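K.L.:
One structure follows; several queries about it will come next.
Numbering (our numbering), first residue to last: 1109 to 1362.
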């Protein structure tokens, strides 16, 4: 299966990987800035999000991204990942370093992280609501948990729409197929890496960024005192400037 995606611009390829609270629409504020900076931008929906259906066989998100790049004739790309999309980008970069030009990770997750008390409580509450069939309340829980104070009402509504759609797709009756797990070693990542965390996010994601800054050689950690979990949506212009500055240094355009 080729993931649902769109492509815009010309130049070195960037792949934008969305948070698992969202889908590829979360990157709407970044698309004009990144294409104007001289990049070819590929946005995709991971399986079970946006326009990508649930898998019909066991799958792996990083392999899906690699297959999408193959279909587009792209040998090497920079990856920009948010939260769960960052986890996918990390796996891709660790397993396929030769295909990874740069990594920009916004409040990224990692596969082996043990959640802290607050994050674990959030997950338990979400599970309880979904098991009770209260998708609306589970959606609102996510909107409250993941969006920082700088976001406007339109951004909150978009996150609400994306999360509700993801729940509806993923909870629809059908045969379930699990993801194929791979053990990854972040120390083998050779690409330049930018790690972003937010003051108003769960503390777990700052801890993860600090950890990765020690595991990925030459990486840089930027902590935003105004940001929640989705800084690219909360203050797009600030994050666009941060991304473009990093990418121009790591992946220069012609």
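Idealized CB from N, CA, C, for every residue including glycine. Note that the structure is predicted; figures quoted are calculated from it, not measured.
1) For residue 1333 and residue 1339, what's the separation of their Cα atoms in angstroms?
2) Go ahead and pull the three-state DSSP assignment for residue 1251.
3) In the DSSP output, what is residue 1150 paired with across the bridge?
4) Please return the same chain residues whose Cβ sits closer than 8 Å to the Cβ of residue 1256, not counting the five positions on each side in sequence.
5) Taking C-alpha atoms, which residue in 1293, 1296 and 1270 lies nearest to residue 1126?
6) Rounded to the nearest angstrom, what separates residue 1289 and residue 1324 at their Cα positions?
7) Assuming contact is defined by CB atoms lying nearer than 8 Å, are residue 1187 and residue 1302 in contact in what I supplied?
8) Anyone know if the C-beta pair for residue 1300 and residue 1349 falls short of 8 Å?
9) Can you find at least 3 beta carbon pairs, one from the segment 1239 to 1250 and one from the segment 1111 to 1126, that sit closer than 8 Å?
10) Enumerate in chain order the residues of its own chain whose CB-to-CB distance from residue 1169 is below 6 Å, with the five nearest sequence positions on each side excluded.
11) Please determine, among 1294, 1298 and 1319, the residue with the shortest C-alpha to C-alpha distance to residue 1304.
12) Which ranges would you report for the alpha helix (DSSP H) in the segment 1134 to 1193 if only whole runs of at least 4 residues count?
13) Since residue 1150 and residue 1219 should fall inside the 8 Å C-beta cutoff, what is the C-beta to C-beta distance between them, to a whole number of angstroms?
14) Using 8 Å as the threshold, is the C-beta distance between residue 1355 and residue 1145 below it?
15) So residue 1231 is in the beta strand (DSSP E); what residue range does that whole segment cover?
16) Scan the segment 1254 to 1333 and note each continuous alpha helix (DSSP H) run of 4 residues or more that stays entirely inside, going in chain order.
17) Looking only at C-alpha atoms, which of 1203, 1166 and 1230 sits nearest to residue 1251?
18) According to the neighbour-count rule (16 or more other Cβ atoms, all chains shown, within 10 Å of its Cβ), is residue 1311 buried or exposed?
19) Going straight from the alpha carbon of residue 1165 to that of residue 1287, what length do you get?
20) Spatial neighbours of residue 1123 within its chain, please: CB distance less than 6 Å, with the 5 preceding and 5 following residues excluded, ordered by chain position.
21) Just how far apart, CA to CA, sit residue 1131 and residue 1156?
22) Looking at residue 1113: is its Cβ nearer than 8 Å to the Cβ of residue 1198?
P.N.:
The answer reads as follows:
1) Position 225 of the chain shown, counting from 1, holds the residue named residue 1333. Position 231 of the chain shown, counting from 1, holds the residue named residue 1339. Going from the Cα of residue 1333 to the Cα of residue 1339 covers about 11 Å.
2) Position 143 of the chain shown, counted from the first residue, corresponds to residue 1251. The answer is helix: DSSP assigns residue 1251 an H, G or I state.
3) Locating residue 1150 in the chain shown gives position 42, counting from the first residue. For residue 1150, which the question treats as bridged, DSSP gives the partners 1115 and 1123.
4) As a first step, residue 1256 is located in the chain shown; it is residue number 148 there, counting from the start. Cβ within range, chain order: 1306, 1308, 1309, 1334, 1335, 1336, 1337, 1338, 1339 and 1342.
5) Sequence index remark: in the chain shown, residue 1126 carries index 18 (1-based). Nearest of 1293, 1296 and 1270 to residue 1126, Cα basis: 1270.
6) Along the chain shown, read from residue 1 onward, the residue named residue 1289 stands at position 181. Along the chain shown, read from residue 1 onward, the residue named residue 1324 stands at position 216. One C-alpha to the other measures close to 21 Å.
7) On the chain shown, residue 1187 is found 79 positions in, with the first residue counted as 1. On the chain shown, residue 1302 is found 194 positions in, with the first residue counted as 1. Going by C-beta atoms, residue 1187 is not nearer than 8 Å to residue 1302.
8) Numbered from its first residue, the chain shown carries residue 1300 at position 192. Numbered from its first residue, the chain shown carries residue 1349 at position 241. Contact: no.
9) no
10) Within the chain shown, numbered from 1, the residue matching residue 1169 stands at position 61. Excluding positions up to five away in sequence, the list reads 1154 and 1196.
11) To locate residue 1304, count along the chain shown from 1; it is residue 196. The shortest Cα separation from residue 1304 among 1294, 1298 and 1319 belongs to 1319.
12) 1139 to 1144 and 1169 to 1179
13) Within the chain shown, residue 1150 is the residue found at index 42, counting from 1. Within the chain shown, residue 1219 is the residue found at index 111, counting from 1. Actually they do not touch by this definition, with Cβ atoms about 23 Å apart.
14) Taking the first residue of the chain shown as 1, we reach residue 1355 at position 247. Taking the first residue of the chain shown as 1, we reach residue 1145 at position 37. For residue 1355 and residue 1145, yes; Cβs fall inside 8 Å.
15) As a working mapping, residue 1231 is identified with position 123 in the chain shown. Unbroken run through residue 1231 is the alpha helix (DSSP H), 1225 to 1239; no beta strand (DSSP E).
16) 1261 to 1279 and 1311 to 1323
17) Locating residue 1251 in the chain shown gives position 143, where the first residue counts as 1. Ranking 1203, 1166 and 1230 by Cα distance to residue 1251 puts 1230 first.
18) Taking the first residue of the chain shown as position 1, residue 1311 is located at position 203. Flag for residue 1311 reads exposed.
19) For this step, residue 1165 is matched to residue 57 along the chain shown. For this step, residue 1287 is matched to residue 179 along the chain shown. Each residue's alpha carbon lies about 9 Å from the other.
20) Within the chain shown, residue 1123 is the residue found at index 15, counting from 1. The answer, listed in chain order, is 1150, 1185 and 1187.
21) Reading the chain shown from its first residue, position 23 is the one you call residue 1131. Reading the chain shown from its first residue, position 48 is the one you call residue 1156. Going from the Cα of residue 1131 to the Cα of residue 1156 covers about 9 Å.
22) Stepping through the chain shown from its first residue, residue 1113 is reached at position 5. Stepping through the chain shown from its first residue, residue 1198 is reached at position 90. The answer is no: Cβ separation not under 8 Å.
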